[in-house]
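What follows is a set of notes on a single structure, which appears directly below.
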Amino acid sequence: VEVTVSKSTTSEVRNTANMVGTENNSTGFGAAFSDYFNIPMGETKSIAFTNYSNLANYWNNFVVVLRKANHMDEYAFVRADNWGSGNGYGACVHNGTQGDLNTWLAGMNGAKVTVYVTNCGNGTADVQAVMEGTTGTTSTQYYLGINTVNPDDLHFALTVDGCHLVFNE
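Sequential numbering from 11 applies to the sequence shown in the working numbering.
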């Protein structure tokens, strides 16, 4: 078995619109999306935004969607609260440092978030998020080894579920 380890190149992407979702946090799951961003093989893309939540449920926060260039064929979607779904989700290793979810959720309305998406180049992708909550706590979430990914056709977008995202502040 031969293993090659290399550092990926990280570059920041910026969303065209300043907001995704409605300001009153009533936009349902998958009803509004950010731009789609291509992730070339071996690269990592990052995006920063502020997450505003209706605080009704743990999942009422940002969602990262991994799809093909046609924006329809989905590899996986992953949430801020350590849950996801899709063809490639089942194989991934995931965990977060949110701790008590009620305490974590309280800090997510106005949380400063940076999401990192990596095209590992081997048919897998990694998603990592750093969330600086309004309660003074920083938490992380990771999904490593999302599979069934075509390394020549990986794009990501952000969507909402009972929240809205503000970019370019």
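For glycine and all other residues, C-beta sits at the position ideal for the given N, C-alpha and C. Just so it is clear, the structure is predicted and the values come from calculations on it, not from any experiment.
### Task
On the DSSP bridge assignment, give the partners of T169 in chain order.
Here residue 169 is taken as the residue at index 159 of the sequence shown, counted from 1. T169 is bridged to F43, V73.
### Query
Expressed to the nearest angstrom, what Euclidean distance is found between the alpha-carbon atoms of Y8 and M118?
As shown, the chain starts at 11 and ends at 179. That puts residue 8 outside it, with no answer to give.
### Message
What would DSSP say about L65, mapped onto helix, strand or coil?
### Response
The sequence position of residue 65 within the sequence shown is 55, counting from 1. Reduced to three states, the DSSP call for L65 is coil.
### Query
In whole angstroms, what separates the C-alpha of P161 from that of G52?
Taking the sequence shown and counting its residues from 1, the one referred to as residue 161 is at position 151. Taking the sequence shown and counting its residues from 1, the one referred to as residue 52 is at position 42. P161 and G52: Cα-Cα distance of roughly 9 Å.
### Of the residues D110, C173, C130, the one placed nearest T158, counting alpha carbons only
Position 148 of the sequence shown, counted from the first residue, corresponds to residue 158. Of D110, C173, C130, the residue nearest in Cα terms is C130.
#### Entry: the segment 22–29 touching the segment 140–155, judged by at least three CB pairs closer than 8 Å
The segment 22–29, when compared against the segment 140–155, does not touch it at the 8 Å Cβ threshold.
### Query
What number of angstroms, rounded off, separates the C-alpha of K122 from the C-alpha of W114?
As a working note, residue 122 is residue 112 in the sequence shown. As a working note, residue 114 is residue 104 in the sequence shown. Their Cα atoms are separated by approximately 13 Å.
### Message
For the segment 68–81 against the segment 160–176, do three or more pairs of beta-carbon atoms, one drawn from each stretch, fall closer than 8 Å, so that the two count as touching?
### Response
Touching, yes.
### Task
Compute the distance between the beta-carbons of G155 and V88, then report whether it is under 7 Å.
Position 145 of the sequence shown, counted from the first residue, corresponds to residue 155. Position 78 of the sequence shown, counted from the first residue, corresponds to residue 88. Contact flag unset, no.
### Task
With distances taken Cα to Cα, identify the nearest neighbour of A177 among N70, F39, V125, G98.
Locating residue 177 in the sequence shown gives position 167, where the first residue counts as 1. In the sequence as displayed, the identity of residue 177 is Phe instead of Ala. Selection N70, F39, V125, G98 evaluated against F177 yields V125 as nearest (Cα-Cα).
### Query
Do G106 and Q151 come within 7 Å of each other at the CB atom, strictly closer than that value?
For the purposes of this step, residue 151 is taken as the residue at position 141 of the sequence shown. For the purposes of this step, residue 106 is taken as the residue at position 96 of the sequence shown. A Cβ-Cβ contact shorter than 7 Å links Q151 with G106.
### Task
Any chance you could list the alpha helix (DSSP H) runs of at least 4 consecutive residues sitting entirely within the segment 72–134, in chain order?
Taking only runs of at least 4 residues, the alpha helix (DSSP H) segments lying wholly in the segment 72–134 are 111–116.
### Query
How about T60: is its Cβ closer than 6 Å to a heavy atom in the ligand FAD?
Ligands are entirely absent from the displayed structure, and the ligand FAD is therefore not among its contents.
### Message
I need the boundaries of the beta strand (DSSP E) containing E33, first residue and last residue.
### Response
Translated into positions along the sequence shown, residue 33 becomes position 23. No beta strand (DSSP E) contains E33, which DSSP labels as neither H nor E.
### Residues near D171 in its chain [Cβ-Cβ closer than 7 Å; skip 5 each side]
Here residue 171 is taken as the residue at index 161 of the sequence shown, counted from 1. Contacts found: G38, F39, W69, N70, V73.
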